[in-house]
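Colleague: Once you've had a glance at the structure underneath, I'll fire off some questions.
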Amino acid sequence: PGLLEPTSTLVRVAKSASTLGIAIEGGANTRQPLPRIVTIQRGGSAHNCGQLKVGQVILEVNGVSMRGREHRDAARLIAEAFKTKERDHVDFLVTDFN
Amino acid sequence: REKRLTLPPSEITLL
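Order-wise, the sequence lines are chains H and B. Residue numbers for the first sequence follow my numbering, so the first one is 1 and each next one is one higher. Residue numbers for the second sequence follow my numbering, so the first one is 99 and each next one is one higher.
The structure is reproduced here in structure tokens:
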């Protein structure tokens with residue numbers, strides 16, 4: 001726990017647009033236990049960043065683990081990370097391995 | 099007896 005998985009990638013998404021522009025599915029107690037990116041909207045910050053991809057699984061957001069979090073909790077955490085004015089970016093630790 | 103082989107699907111949230 002807390003160790004980087006070998007296939008993981010840290011992606012820094014600058015808040016370059018008014019929305020983050022991703023859709024996620026999954027969370028604890030579902031078929032997809034970690035949140036997975038299912039859509040990246042054109043024109044959103046994630047799309048502008050160019051490094052997030054559909055199908056990637058989100059392991060951490062700003063260093064906070066997604067493990068054990070139910071869908072709404074994971075979604076809320078990501079929304080708050082985008083909304084806060086403390087940072088001008090959101091750091092995602094993602095993996096292509098599901 | 100009912101077997102639970104799969105977990106339910108998740109909702110999708112746009113962020």
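The beta carbon of each residue, even a glycine, is placed where N, CA and C say it ideally should be.
Take the Cβ of H/S18 as the centre, count every other Cβ of all protein chains shown within 10 Å, and call the residue buried at 16 or more, exposed below.
Modeller: Indexing the first sequence from 1 puts residue 18 of chain H at position 18. When all chains shown are included, H/S18 counts as exposed.
Colleague: Using 9 Å as the threshold, is the C-beta distance between H/V13 and H/Q51 below it?
Modeller: Counting from one through the first sequence, the residue named residue 13 of chain H turns up at place 13. Counting from one through the first sequence, the residue named residue 51 of chain H turns up at place 51. Contact flag set, yes.
Colleague: Pick out whichever of H/G63, H/Q41, H/E60 and H/N62 has its Cα sitting closest to the Cα of H/K53.
Modeller: For the purposes of this step, residue 53 of chain H is identified with residue 53 of the first sequence, where counting begins at 1. Of the listed residues, the one whose Cα sits closest to H/K53 is H/Q41.
Colleague: Taking its Cβ as the centre, do 16 or more other Cβ atoms sit within 10 Å of B/L105, making it buried, or is it exposed?
Modeller: By one-based count along the second sequence, residue 105 of chain B stands at place 7. That one is exposed.
Colleague: According to DSSP, is B/L112 part of a helix, a strand, or is it coil?
Modeller: Start at 1 with the first residue of the second sequence, and residue 112 of chain B comes out as number 14. Strand, per DSSP.
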